[in-house]
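Protein chains: 2
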Amino acid sequence: MDISTREMSLTVGEAAERVGLTTYTLRWYEQEGLVGRVGRDSSGRRRYTESDVNWLFLLTRLRRTGMPVRDMRRYAELARHGDSTLGARRALFEAHRARVLARMAELSEDLKVLEYKIDAYRRAEEESG
Amino acid sequence: MDISTREMSLTVGEAAERVGLTTYTLRWYEQEGLVGRVGRDSSGRRRYTESDVNWLFLLTRLRRTGMPVRDMRRYAELARHGDSTLGARRALFEAHRARVLARMAELSEDLKVLEYKIDAYRRAEEESG
DNA sequence: ACTTGACTTCGAGCGTGCTCGAACTGGAAG
DNA sequence: CTTCCAGTTCGAGCACGCTCGAAGTCAAGT
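Chains as they are written, first to last, in my numbering: chain A, 507 to 635; chain B, 507 to 635.
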């Protein structure tokens, strides 16, 4: 368990692959302040640490649940300001959780409409085909 | 139960309000072929029938479940071609249902991440707040 | 008769979230 | 040493789904 196995650092391409985003997007996220300035190596190339990757992963989940980039940026800013923002970050997540739950409820409703139509088509097909 | 109670027809504004879209969007949907050409009155104004409104309602559900406009157009085209496309329409809905279910599963997973973070924040707040 | 306000068509513009091309740099493999 | 590939920055461009402004029409209310 030496230092080299504990200190991983990935290029933008490797990081992109791990988190399922493109290199374009990773650079853009940084530019947009969704990620703090990523470390660079001696020749100016980005080096993503494990915690950078974990952060990016979290961002992908937030994004996938429909959180706007604007809110993700706000969250990133809070995170950069340390422990004094823990409450605010929790509040942000709780509010977002509520939106996700509402969205899921909406999808369940919409699913019923889909089921209804599928059934109606099935019946119509039997009748006329 | 006279004809006037059975034959409703709404202006674009009324229809928009009922289905929760704007008048802009309703006209645009028509232009994009998501809705067949809506009837006009003697002075060229749109008159939405009950079945137009039902159709629009269905479109709002498809839209809300994330169906792209392109696919909604394809569906509308199928519907305009009558009963011979019942099977295709059902297939389209079944495929879409699968996507919605997958999306819901994804959201459940993402929700776990949110819960986990909320909990972590709560613990961190207790510890340092 | 006049005003109001919702309607018409048309094409342009916008917000979001990337996505890409251009021009360049630097390390590694053959 | 050259070739190659992945990286850099910058600003422009794109796909999607609307959204709106302009200029005009028409019917109803005062």
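All C-beta atoms, glycine included, are put in the ideal place defined by N, C-alpha and C.
Just so it is clear, the structure is predicted and the values come from calculations on it, not from any experiment.
The CB of A:G635 comes closer than 9 Å to the CB of D589, S590, L592, G593 in chain B, given here in chain order.
At the C-beta level, B:L598 and B:Y581 come within 8 Å of one another. Chain B places no beta carbon closer than 8 Å to that of A:R552, leaving this residue out of the contacts. Taking 8 Å as the CB threshold, A:E583 stays off the interface with chain B. Proximity of chain B to A:D577 at the Cβ level (cut-off 7 Å) is not reached, the minimal Cβ distance being about 13 Å. Nearest in C-alpha terms to B:E631, of all of A:R553, A:D577, A:S590, A:T529, is A:S590. By the Cβ-count criterion, A:Y627 is buried, with 16 or more other Cβ atoms from all chains shown falling within 10 Å of its own Cβ. Residue contact with chain A for B:A601: absent (no Cβ-Cβ distance below 8 Å to any residue of chain A). Remark: C-beta atoms of B:A522 and B:T528 approach each other more closely than 8 Å.
When rounded, the separation of the alpha-carbon atoms in A:L516 and A:G550 is 13 Å.
B:S548 has its alpha-carbon roughly 49 Å from the corresponding atom of A:D577. A:M610: member of the alpha helix (DSSP H) spanning 592 to 634, first to last residue. For A:S557, the uninterrupted alpha helix (DSSP H) run begins and ends at 556 to 570, by DSSP. For B:D547, there is no enclosing alpha helix (DSSP H), since its DSSP letter is neither H nor E.
In the three-state reduction of the DSSP assignment, B:L516 falls in the strand class.
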